[in-house]
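In the order they appear, the protein sequences are chains A and B.
In terms of full-length UniProt numbering, the first sequence opens at residue 1 and continues consecutively.
In terms of full-length UniProt numbering, the second sequence opens at residue 1 and continues consecutively.
Right, one structure below, let's go through it.
Protein chains: 2
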Amino acid sequence: MTLPRKELFHLPEGVIYLDGNSLGPLPRSVAARVAGTVTDEWGDMLIRGWNDAEWADQPARVGNRIAGLIGAPEGSVTMGDTLSIKVYQALAAALAMRPDRRVVISDSGNFPTDLYMAEGLLRTLGRGHELRVVAPEEVDGAIGEEVAAVMLTEVDYRTGRRHDMSAITAKAHDAGAVMIWDLAHSAGAVPVDMTASNAEFAVGCTYKYLNGGPGAPAFIYVRPDLADSAEPALQGWFGHEAPFAFDIDYRPAPGVERMRVGTPPVIQMTALEEALMVWDGVDMDEVRSAAIALMERFITEVEARCPSLELASPRDPAKRGSQVSFRFSEGYAAMQALIARGVIGDFRAPDIMRFGFTPLYLGEDDVLAAVDVLADVLGNELWRDPAYQKRSRVT
Amino acid sequence: MTLPRKELFHLPEGVIYLDGNSLGPLPRSVAARVAGTVTDEWGDMLIRGWNDAEWADQPARVGNRIAGLIGAPEGSVTMGDTLSIKVYQALAAALAMRPDRRVVISDSGNFPTDLYMAEGLLRTLGRGHELRVVAPEEVDGAIGEEVAAVMLTEVDYRTGRRHDMSAITAKAHDAGAVMIWDLAHSAGAVPVDMTASNAEFAVGCTYKYLNGGPGAPAFIYVRPDLADSAEPALQGWFGHEAPFAFDIDYRPAPGVERMRVGTPPVIQMTALEEALMVWDGVDMDEVRSAAIALMERFITEVEARCPSLELASPRDPAKRGSQVSFRFSEGYAAMQALIARGVIGDFRAPDIMRFGFTPLYLGEDDVLAAVDVLADVLGNELWRDPAYQKRSRVT
Numbered sequence: 001m002t003l004p005r006k007e008l009f010h011l012p013e014g015v016i017y018l019d020g021n022s023l024g025p026l027p028r029s030v031a032a033r034v035a036g037t038v039t040d041e042w043g044d045m046l047i048r049g050w051n052d053a054e055w056a057d058q059p060a061r062v063g064n065r066i067a068g069l070i071g072a073p074e075g076s077v078t079m080g081d082t083l084s085i086k087v088y089q090a091l092a093a094a095l096a097m098r099p100d101r102r103v104v105i106s107d108s109g110n111f112p113t114d115l116y117m118a119e120g121l122l123r124t125l126g127r128g129h130e131l132r133v134v135a136p137e138e139v140d141g142a143i144g145e146e147v148a149a150v151m152l153t154e155v156d157y158r159t160g161r162r163h164d165m166s167a168i169t170a171k172a173h174d175a176g177a178v179m180i181w182d183l184a185h186s187a188g189a190v191p192v193d194m195t196a197s198n199a200e201f202a203v204g205c206t207y208k209y210l211n212g213g214p215g216a217p218a219f220i221y222v223r224p225d226l227a228d229s230a231e232p233a234l235q236g237w238f239g240h241e242a243p244f245a246f247d248i249d250y251r252p253a254p255g256v257e258r259m260r261v262g263t264p265p266v267i268q269m270t271a272l273e274e275a276l277m278v279w280d281g282v283d284m285d286e287v288r289s290a291a292i293a294l295m296e297r298f299i300t301e302v303e304a305r306c307p308s309l310e311l312a313s314p315r316d317p318a319k320r321g322s323q324v325s326f327r328f329s330e331g332y333a334a335m336q337a338l339i340a341r342g343v344i345g346d347f348r349a350p351d352i353m354r355f356g357f358t359p360l361y362l363g364e365d366d367v368l369a370a371v372d373v374l375a376d377v378l379g380n381e382l383w384r385d386p387a388y389q390k391r392s393r394v395t
Numbered sequence: 001m002t003l004p005r006k007e008l009f010h011l012p013e014g015v016i017y018l019d020g021n022s023l024g025p026l027p028r029s030v031a032a033r034v035a036g037t038v039t040d041e042w043g044d045m046l047i048r049g050w051n052d053a054e055w056a057d058q059p060a061r062v063g064n065r066i067a068g069l070i071g072a073p074e075g076s077v078t079m080g081d082t083l084s085i086k087v088y089q090a091l092a093a094a095l096a097m098r099p100d101r102r103v104v105i106s107d108s109g110n111f112p113t114d115l116y117m118a119e120g121l122l123r124t125l126g127r128g129h130e131l132r133v134v135a136p137e138e139v140d141g142a143i144g145e146e147v148a149a150v151m152l153t154e155v156d157y158r159t160g161r162r163h164d165m166s167a168i169t170a171k172a173h174d175a176g177a178v179m180i181w182d183l184a185h186s187a188g189a190v191p192v193d194m195t196a197s198n199a200e201f202a203v204g205c206t207y208k209y210l211n212g213g214p215g216a217p218a219f220i221y222v223r224p225d226l227a228d229s230a231e232p233a234l235q236g237w238f239g240h241e242a243p244f245a246f247d248i249d250y251r252p253a254p255g256v257e258r259m260r261v262g263t264p265p266v267i268q269m270t271a272l273e274e275a276l277m278v279w280d281g282v283d284m285d286e287v288r289s290a291a292i293a294l295m296e297r298f299i300t301e302v303e304a305r306c307p308s309l310e311l312a313s314p315r316d317p318a319k320r321g322s323q324v325s326f327r328f329s330e331g332y333a334a335m336q337a338l339i340a341r342g343v344i345g346d347f348r349a350p351d352i353m354r355f356g357f358t359p360l361y362l363g364e365d366d367v368l369a370a371v372d373v374l375a376d377v378l379g380n381e382l383w384r385d386p387a388y389q390k391r392s393r394v395t
């Protein structure tokens, strides 16, 4: 197979898209598939779609495709809700497995919502749990015998710094703690082997490197040996053993399906299911090699041509996900100027310009063209245009 | 305005749809709107859609449309997740408002997921809360000074029996309890006046009478005087005061927006937003009168022509939502036979045949034609066909 596979994506003319780490582009076949679900399934089948179009099984079916991309076995992943909800579920189940421990370790490189959800859960539990947020490099030293769970995002959303999943999981297990990985910036970006990692839980979103569309449903993985005993805090009817029996008492479904909650978002899930077709026949190792080649070329060119930018990502590609970040004091305005010229990355306060590298639809020519624009914006200080200084609500 | 407005809906030829209480049909304009969101917004705007297509504000915008249908003021309703999640949020916030009380009252006519989610929350709280599930007619007597919250679904999903919202809310308040209403079978079905009811919280789904499509997002209402102090248990980044500041500490957004959790499902939300256009200029009192006329005609005809069916719904239309249920021991097979002949209702164990009445797209001619088929199925025992006895996974 040859990368990139640009023909599978709808890529607007005149745009070089380096923001697939935030929202992946539209795979071409999704529009027709979604239209079919709206008109032929919802429209024509009406309520019968639950059986005839197999809506009820879709979260398990899509979960199996995700499992294939994160080194997890069939039946160990299910879909639904948002990443925030899945973090809450994983942490609640983890803490129920360690009733005598009261400490949760996370790091300041975690995505904020993971920390917010954890805080909310700990307050709801009301049993004196403590969320200890340490610097990413201090995680290892923070894991002791009092720790119930370690909850980390593998790849830092700002800098792309990548944790060593196997080493940290082993450390957590040595201390008797449960390990939860957030794979938001990993799934579809770097090779992940959940089975080899031996971690108990993983969660992730699907609208970044998996191109599932804005607000695509999240995933949750539960290690198979725990899936029949993990205790769901969010006991929804679609996680019931027999949702359509309408029993008054809750009995969790066997396996990871107990982590489903309410009615699945069928239209949104269909967009994701179709979007995942672009991974057919793709080897994650090949994607990773191609991404590293693109990133190395980008770094070399930027450092040669844009001396005002300072690399914020780890220089060693093995310690980095699939994005490269540079610091620049006028990064916000510079990013606006770039976007106005068709090179789309994004900005994270206070001074980080982020660029995502996604070999499914990006080639070396794109990288070189992007650097040309970046060098022009910086060399000629085009970011000084007042129009680029105005902050929009969402960056 | 004249009802029905069939021209606004995609109604498959040969089908009389009496299951809008389970999944509403497709409003015609939704397909084009969804296609536009997929191709013109996600496809062409990519990440810029959050600003340029105003995705970030959509839950508030859609919430305002729902508010208009449930007698709630602007800014008091927001959208997202599923009804199960919204039940959890409302109950958690309610219990935080009554820290010294330990009893939650619900009834056996509540939809099971509401009870499951409540149980899960109470176990997570671990503070000895008790969920007391009483018979619907015993709710009033069960509300005492020890009750923290009363959590009910206004209209029973099986029989259509309707609680007296104002009276029960007043009773709850007299006892010092917080009131939570589930409007899943009320919004778009019966006139609701949240402001007049004075209840603290309401939640609901949007894929039934609001025709939002399979898995459409849920809504939550918080009484305006409480919205700035209600404590979110599910502290997601989209409920943060400044989601895109990526602060490490959670600060709830002002008002009901704090009840947002993760990234909103933009495609699914767009389908709902467009679906709500069919309510433009519609008077809920007119809808209600038309629904009652259809239901009365249906009951009269069925009782005259199908003596083996026994009315399971309240005979007094004022005590009933917008559905009529009949008991029949062979109800499952009879419903399958009906569906095979294009009359779509549904079945709830052990013996309930449900029929929803939705005057936006149903007229008296539909009701009479449906009864003709029902009388044929029952009079000629067409349900005896073995094909109709086989249970499908989802009814």
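Ideal placement from N, C-alpha and C gives every residue a C-beta, glycine not left out.
Just so we're clear, the structure is a prediction, and the values are computed from it rather than from any experiment.
Checklist entry - So, are the CB atoms of glycine 126 of chain B and glycine 342 of chain B less than 8 Å apart? => result Indexing the second sequence from 1 puts residue 126 of chain B at position 126. Indexing the second sequence from 1 puts residue 342 of chain B at position 342. No; because the gap between Cβ atoms is not below 8 Å, this pair is not in contact.
Going straight from the alpha carbon of cysteine 306 of chain B to that of alanine 375 of chain B, what length do you get?
Sequence index remark: in the second sequence, residue 306 of chain B carries index 306 (1-based). Sequence index remark: in the second sequence, residue 375 of chain B carries index 375 (1-based). C-alpha separation (whole angstroms): 6 Å.
- Return helix, strand or coil for proline 4 of chain B, following the three-state DSSP convention. Position 4 of the second sequence, counted from the start, is the residue given in the question as residue 4 of chain B. Coil at proline 4 of chain B, not helix or strand.
As assigned by DSSP and simplified to three states, the class of serine 84 of chain B = Residue 84 of chain B sits at position 84 when you count from the first residue of the second sequence. Helix.
For this session: Answer with yes or no whether the minimum CB distance from tyrosine 250 of chain B to chain A is below 8 Å.
Result: Start at 1 with the first residue of the second sequence, and residue 250 of chain B comes out as number 250. Tyrosine 250 of chain B counts as touching chain A.
If we ignore side chains and look at the alpha-carbon of each, how far apart do arginine 22 of chain B and tyrosine 209 of chain B end up? On the second sequence, residue 22 of chain B is found 22 positions in, with the first residue counted as 1. On the second sequence, residue 209 of chain B is found 209 positions in, with the first residue counted as 1. Looking at the sequence itself, residue 22 of chain B is serine, so the reference to arginine does not match. Spanning the two alpha carbons is a distance of roughly 8 Å.
Beta-carbon proximity of arginine 132 of chain B to valine 178 of chain B, cut-off 8 Å: In the second sequence, the residue the question calls residue 132 of chain B occupies position 132. In the second sequence, the residue the question calls residue 178 of chain B occupies position 178. It is not a contact, given that the beta carbons lie outside the stated cut-off.
Item to complete: In the DSSP assignment, find the unbroken alpha helix (DSSP H) run with phenylalanine 298 of chain B in it and report its ends.
Response: On the second sequence, position 298 is the one that residue 298 of chain B refers to. Element bounds for phenylalanine 298 of chain B: 284 to 305.
Looking only at its chain, what residues have a beta carbon closer than 7 Å to the beta carbon of leucine 8 of chain A, apart from the 5 residues adjacent to it on each side?
What you label residue 8 of chain A is simply residue 8 of the first sequence in a count that begins at 1. For leucine 8 of chain A, where only same-chain residues beyond five positions count, the Cβ hits under 7 Å are Pro27, Arg28, Val278.
Ordered list of alpha helix (DSSP H) runs contained in the region 299 to 377 of chain B, each at least 4 residues: 331 to 340
Notebook entry, point to check: Which value, in whole angstroms, describes the spacing of the CA atoms of alanine 67 of chain A and glycine 236 of chain A?
Noted result: Locating residue 67 of chain A in the first sequence gives position 67, where the first residue counts as 1. Locating residue 236 of chain A in the first sequence gives position 236, where the first residue counts as 1. Roughly 23 Å between the two C-alpha positions.
*In whole angstroms, what is the alpha-carbon distance linking glycine 43 of chain A and threonine 37 of chain A?*
Within the first sequence, the letter at position 43 stands for residue 43 of chain A. Within the first sequence, the letter at position 37 stands for residue 37 of chain A. Cα to Cα, the separation comes out at about 8 Å.
For this session: Leaving out five residues on either side along the sequence, give the residues of the same chain with a beta carbon under 6 Å from the beta carbon of alanine 233 of chain B.
Result: In the second sequence, the residue the question calls residue 233 of chain B occupies position 233. Excluding positions up to five away in sequence, the list reads Ala92.
Notebook entry, point to check: What residues from chain B crowd round isoleucine 85 of chain A, counting only those whose CB sits closer than 8 Å?
Noted result: By 1-based counting over the first sequence, the position of residue 85 of chain A is 85. Chain B residues near isoleucine 85 of chain A: Asp81, Ile85, Leu234, Gly236, Val261, Gly262.
- Just the C-alpha distance for serine 84 of chain A and alanine 218 of chain A, rounded to the nearest angstrom, thanks. Within the first sequence, the letter at position 84 stands for residue 84 of chain A. Within the first sequence, the letter at position 218 stands for residue 218 of chain A. One C-alpha to the other measures close to 9 Å.
Examine the Cβ distances between the region 319 to 334 of chain B and the region 283 to 296 of chain B and report whether three or more of them are shorter than 8 Å. yes
Check your understanding: Would you call proline 386 of chain B buried or exposed, if buried means 16 or more other Cβ atoms sit within 10 Å of its Cβ?
Key -> The residue given as residue 386 of chain B occupies position 386 in the second sequence. Exposed.
message: For threonine 300 of chain B and glycine 24 of chain B, I'd like the C-alpha separation in whole angstroms.
response: The residue labelled residue 300 of chain B in the question sits at position 300 within the second sequence. The residue labelled residue 24 of chain B in the question sits at position 24 within the second sequence. Near 25 Å, if we compare the C-alpha coordinates of glycine 24 of chain B and threonine 300 of chain B.
Item to complete: Go ahead and pull the three-state DSSP assignment for aspartate 228 of chain A.
Response: Translated into positions along the first sequence, residue 228 of chain A becomes position 228. Reduced to three states, the DSSP call for aspartate 228 of chain A is coil.
What number of angstroms, rounded off, separates the C-alpha of alanine 148 of chain B from the C-alpha of threonine 263 of chain A?
-> Counting from one through the second sequence, the residue named residue 148 of chain B turns up at place 148. Counting from one through the first sequence, the residue named residue 263 of chain A turns up at place 263. For alanine 148 of chain B and threonine 263 of chain A, the distance between alpha carbons rounds to 28 Å.
| said: Our contact map puts arginine 161 of chain A next to serine 313 of chain A with C-beta atoms below 8 Å; I'd like the distance itself, whole angstroms only. | reply: Here residue 161 of chain A corresponds to residue number 161 of the first sequence, with the count starting at 1. Here residue 313 of chain A corresponds to residue number 313 of the first sequence, with the count starting at 1. Confirmed, Cβ separation roughly 7 Å.
Nearest-angstrom Cα distance between leucine 102 of chain A and isoleucine 339 of chain A? In the first sequence, residue 102 of chain A corresponds to position 102, counting from 1. In the first sequence, residue 339 of chain A corresponds to position 339, counting from 1. Correcting the residue identity first, residue 102 of chain A is arginine in this sequence and not leucine. Arginine 102 of chain A and isoleucine 339 of chain A: Cα-Cα distance of roughly 46 Å.
| message | Taking CB distances under 8 Å as the criterion, tell me whether valine 30 of chain B reaches chain A. | response | Your numbering for residue 30 of chain B matches position 30 in the second sequence. Yes, valine 30 of chain B lies at the interface with chain A (some Cβ there is under 8 Å from its Cβ).
Name the chain A residues that come within less than 9 Å of isoleucine 344 of chain B, Cβ to Cβ?
Your numbering for residue 344 of chain B matches position 344 in the second sequence. Result: Leu46, Ile47, Arg48.
- Mind checking threonine 395 of chain B: buried by the 16 CB within 10 Å criterion, or exposed? Counting from one through the second sequence, the residue named residue 395 of chain B turns up at place 395. Any reading at threonine 395 of chain B needs caution, since the residue's pLDDT is 48, under 50, leaving its predicted position unreliable; the model's value is listed next. When all chains shown are included, threonine 395 of chain B counts as buried.
- Item | chain B contact for threonine 395 of chain A (CB, 8 Å cutoff) | Indexing the first sequence from 1 puts residue 395 of chain A at position 395. Low confidence applies to threonine 395 of chain A: its pLDDT is 49, below 50, so where it sits in the model is not reliable, and the reading given next is rough at best. Taking Cβ atoms only, chain B reaches closer than 8 Å to threonine 395 of chain A, which makes this a yes.
Could you spell out where the alpha helix (DSSP H) holding glycine 49 of chain A opens and where it closes? Sequence index remark: in the first sequence, residue 49 of chain A carries index 49 (1-based). Looking at the DSSP string, the run of the alpha helix (DSSP H) that includes glycine 49 of chain A is 49 to 52.
Please state whether the Cβ-Cβ distance between leucine 183 of chain A and isoleucine 267 of chain A is less than 8 Å. The residue given as residue 183 of chain A occupies position 183 in the first sequence. The residue given as residue 267 of chain A occupies position 267 in the first sequence. In this structure, isoleucine 267 of chain A does not lie closer than 8 Å to leucine 183 of chain A by Cβ.
Q) Where do the N-terminal and C-terminal ends of the beta strand (DSSP E) with methionine 179 of chain A fall, by residue? A) The residue you call residue 179 of chain A lines up with position 179 of the first sequence. It spans 178 to 182 - the beta strand (DSSP E) in which methionine 179 of chain A sits, taken as one unbroken run.
query: Do we get a CB-CB distance below 8 Å when we pair alanine 253 of chain A with the residues of chain B?
result: Position 253 of the first sequence, counted from the first residue, corresponds to residue 253 of chain A. No, no contact with chain B.
### Message
Within the continuous alpha helix (DSSP H) that includes methionine 117 of chain A, where are the two ends?
### Response
In the first sequence, residue 117 of chain A corresponds to position 117, counting from 1. Per DSSP, methionine 117 of chain A belongs to the alpha helix (DSSP H) from 112 to 125.
Methionine 97 of chain B to glutamine 89 of chain B, Cα distance in whole Å?
As a first step, residue 97 of chain B must be located in the second sequence, where it is residue number 97. As a first step, residue 89 of chain B must be located in the second sequence, where it is residue number 89. If I take the Cα positions, the gap works out to 13 Å.
* Asked: Any Cβ of chain B within less than 8 Å of the Cβ of tryptophan 383 of chain A?
  -> Taking the first residue of the first sequence as 1, we reach residue 383 of chain A at position 383. False, the Cβ-Cβ gap to chain B never drops below 8 Å.
| Does any CB atom of chain B fall closer than 8 Å to the CB of leucine 115 of chain A? | Counted from its first residue, the first sequence places residue 115 of chain A at position 115. Chain B contact via Cβ: present.
Worksheet entry | Own chain, CB closer than 8 Å to valine 377 of chain B, minus 5 neighbours either side, in chain order | Residue mapping note: residue 377 of chain B aligns to position 377 of the second sequence, counting from 1. Taken in chain order, the residues that qualify are Ala334, Ala337, Leu338, Arg341, Trp383.
### glycine 215 of chain A and serine 186 of chain A closer than 8 Å at C-beta
Along the first sequence, read from residue 1 onward, the residue named residue 215 of chain A stands at position 215. Along the first sequence, read from residue 1 onward, the residue named residue 186 of chain A stands at position 186. No, these two residues do not count as a Cβ contact at 8 Å.
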